[in-house]
DNA sequence: TTTGGATAGTTGCACAAACAACTATATGCC
DNA sequence: GGCATATAGTTGTTTGTGCAACTATCCAAA
């Protein structure tokens, strides 16, 4: 019975992701307060495009751990907000390459600042070595299930 | 700069809750495979009702960390599935007390078994003391933000 | 060269979440 | 008692998610 030592109370939080939900809500509120008219989910797409733009929707699926219809609609809404542009690939006409607009480039610094702030508030009382353990466990969980 | 030592990569996972999303998806698949016609969100409401039924929708809001409209609609759908019943409180006619049907009582054992199984799969390679640290950190995060 | 399978993306549907605005009931204070 | 305020729950709207079914394009093997 290798890992059956969690009691029922823990089970619930793990499955429902109470902590990450709380973090996401806090960050969303910061976006709203700052007058930034984007959702956390839209931000999570921009996050990857800031690292590298001009990637396909499929690559965004892999990066954000979402399915294709979800990315289609997130890109739809980001396009409506004038934050990204779909550009058909020259080599493979099935593929849309997604590029950032100037407006989206301007959002990077402010939103990343707010995200850092949110995590600092969330983890303020937690010693760094415990954060590391937590992070590693969550990564293993993800790898075990993906 | 007390807790500013996480690198960008970690930030993303913390905010998007990759691990808990993966756990929830795995459990949902187990429900589907077992022919159990309920969502994880519905299960999370039943979870609290199995611990104590006859509580109000507001108490379900607090227990499940959801707002009132979300609970209204989850209870709507659970009622459609014949899993719960709204009963108006005698003392305070604003309040609906939520009771489980016999059908819902039957679901408890099987679904809890599948949830345990899911967590075992998620945590199979993680030493118990690291699970404890992770759990504690997530609880602190939640307390810091709620 | 054609055809069959794989891949990229879209659309429809059901369910859920967040927010604002609303109704109904209860409670406290004059 | 009557009114202001708080509380419990509902409804409408927008956004996001997961699944299935669909179109378009590509590629490889006969």
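Chains as they are written, first to last, in the numbering used here: chain Y, 1 to 146; chain C, 1 to 146. All residues carry an ideal CB built from backbone N, CA and C; glycine is no exception.
* Could one say the Cβ of residue 109/C lies closer than 8 Å to chain Y's Cβ atoms, at least one of them? -> Within the second chain, the letter at position 109 stands for residue 109/C. No, its Cβ sits nowhere closer than 8 Å to a Cβ of chain Y.
* Asked: Out of 32/Y, 92/Y, 51/Y and 142/Y, which has the shortest C-alpha to C-alpha gap to residue 99/Y?
  -> As a first step, residue 99/Y must be located in the first chain, where it is residue number 99. It is 51/Y.
* residue 32/Y by DSSP, collapsed to three states: which one? -> Position 32 of the first chain, counting from 1, holds the residue named residue 32/Y. Three-state result, residue 32/Y: helix.
* Please confirm whether residue 138/Y and residue 19/C have their CB atoms less than 8 Å apart. => Along the first chain, read from residue 1 onward, the residue named residue 138/Y stands at position 138. Along the second chain, read from residue 1 onward, the residue named residue 19/C stands at position 19. Contact: yes.
* Asked: Can you tell me whether residue 28/C is buried or exposed, with buried defined as 16 or more other CB within 10 angstroms of its CB?
  -> Working through the second chain from its first residue, we reach residue 28/C at position 28. It counts as buried.
* **Residues near residue 36/C by beta carbon distance below 6 Å, same chain, minus five either side** => The sequence position of residue 36/C within the second chain is 36, counting from 1. Once the five neighbours on either side are set aside, residue 36/C has no close Cβ partner at all.
* Kindly indicate the opening and closing residues of the alpha helix (DSSP H) around residue 86/Y. => Locating residue 86/Y in the first chain gives position 86, counting from the first residue. Counting along the chain, residue 86/Y falls outside any alpha helix (DSSP H), though it belongs to the beta strand (DSSP E) covering 84 to 88.
* To do: Return the residue from the list 63/Y, 80/Y, 78/Y and 57/Y that minimises the CA-CA distance to residue 69/Y.
  => Walking along the first chain from the start, residue 69/Y turns up at place 69. For the residues 63/Y, 80/Y, 78/Y and 57/Y, the minimum Cα distance to residue 69/Y belongs to 57/Y.
* Looking at the structure shown, is residue 81/C part of a helix, part of a strand, or coil, going by DSSP? -> Taking the first residue of the second chain as position 1, residue 81/C is located at position 81. Three-state DSSP puts residue 81/C in coil, outside helix and strand.
* Is the beta carbon of residue 126/Y sitting closer than 8 Å to the one on residue 140/C? -> Taking the first residue of the first chain as 1, we reach residue 126/Y at position 126. Taking the first residue of the second chain as 1, we reach residue 140/C at position 140. Yes; because the gap between Cβ atoms is below 8 Å, this pair is in contact.
* Look at the alpha carbon of residue 113/C and the alpha carbon of residue 107/C, and state the distance between them as a whole number of angstroms. => Taking the first residue of the second chain as position 1, residue 113/C is located at position 113. Taking the first residue of the second chain as position 1, residue 107/C is located at position 107. So the two alpha carbons sit approximately 10 Å from each other.
* To do: Assign residue 131/Y to one of three DSSP states: helix, strand, or coil.
  => Along the first chain, read from residue 1 onward, the residue named residue 131/Y stands at position 131. Of the three classes helix, strand and coil, the one that applies to residue 131/Y here is helix, per DSSP.
* DSSP on residue 96/Y, reduced to helix/strand/coil? -> Residue mapping note: residue 96/Y aligns to position 96 of the first chain, counting from 1. The answer is strand: DSSP assigns residue 96/Y an E or B state.
* Asked: Using the C-alpha atoms, what's the distance from residue 93/C back to residue 67/Y?
  -> Translated into the one-based positions of the first chain, residue 67/Y becomes position 67. Translated into the one-based positions of the second chain, residue 93/C becomes position 93. So the alpha carbons of these two residues sit roughly 44 Å apart.
* Report, in whole angstroms, the separation of the C-beta atoms of residue 121/Y and residue 34/Y, which I expect to be a contact under 8 Å. => As a working note, residue 121/Y is residue 121 in the first chain. As a working note, residue 34/Y is residue 34 in the first chain. About 15 Å separates the two Cβ atoms, so there is no contact after all.
* Asked: Of all the residues that make up the segment 64 to 86 of chain C, which are near chain Y by a beta-carbon distance shorter than 9 Å?
  -> 64 and 65
* Proximal residues to residue 104/Y (C-beta, below 7 Å), its chain only, five neighbours per side dropped -> Position 104 of the first chain, counted from the start, is the residue given in the question as residue 104/Y. Around residue 104/Y: 46, 83 and 84.
* Have a look at residue 129/Y and residue 14/C and give me their C-alpha separation to the nearest angstrom. => The count along the first chain starts at 1 and reaches residue 129/Y at position 129. The count along the second chain starts at 1 and reaches residue 14/C at position 14. Residue 129/Y and residue 14/C: Cα-Cα distance of roughly 16 Å.
* Asked: What residues from the segment 49 to 64 of chain Y come within 7 Å of chain C, judged by C-beta to C-beta, listed N to C?
  -> none
* To do: Check the DSSP bridge columns for residue 13/C and list the partner residues they point to.
  => Within the second chain, residue 13/C is the residue found at index 13, counting from 1. For residue 13/C, which the question treats as bridged, DSSP gives no partner whatsoever.
* What's the call for residue 115/C, buried or exposed, on a 16-neighbour Cβ count within 10 Å? -> Here residue 115/C refers to the residue found at position 115 when the second chain is read from its first residue. The residue is buried, with at least 16 neighbouring Cβ atoms inside 10 Å.
* For the candidate residues 102/C, 17/C and 21/C, whose alpha-carbon lies nearest to that of residue 53/C? -> Position 53 of the second chain, counting from 1, holds the residue named residue 53/C. Closest by alpha carbon: 102/C.
* **Beta-carbon spacing of residue 134/C, residue 133/Y below 8 Å** => As a working mapping, residue 134/C is identified with position 134 in the second chain. As a working mapping, residue 133/Y is identified with position 133 in the first chain. Yes.
* Asked: Assuming residue 96/C contacts residue 87/C under a Cβ cut-off of 8 Å, what Cβ separation, rounded to an integer in Å, is found between them?
  -> For the purposes of this step, residue 96/C is taken as the residue at position 96 of the second chain. For the purposes of this step, residue 87/C is taken as the residue at position 87 of the second chain. The Cβ separation is near 7 Å, so the contact holds.
* Check whether residue 40/C and residue 24/C have beta carbons under 8 Å apart -> Taking the second chain and counting its residues from 1, the one referred to as residue 40/C is at position 40. Taking the second chain and counting its residues from 1, the one referred to as residue 24/C is at position 24. Taking 8 Å as the Cβ cut-off, residue 40/C and residue 24/C qualify as a contacting pair.
* To do: Could you check if residue 44/Y is buried or exposed, using at least 16 other CB atoms within 10 Å of its CB as the buried criterion?
  => In the first chain, residue 44/Y corresponds to position 44, counting from 1. Residue 44/Y comes out buried.
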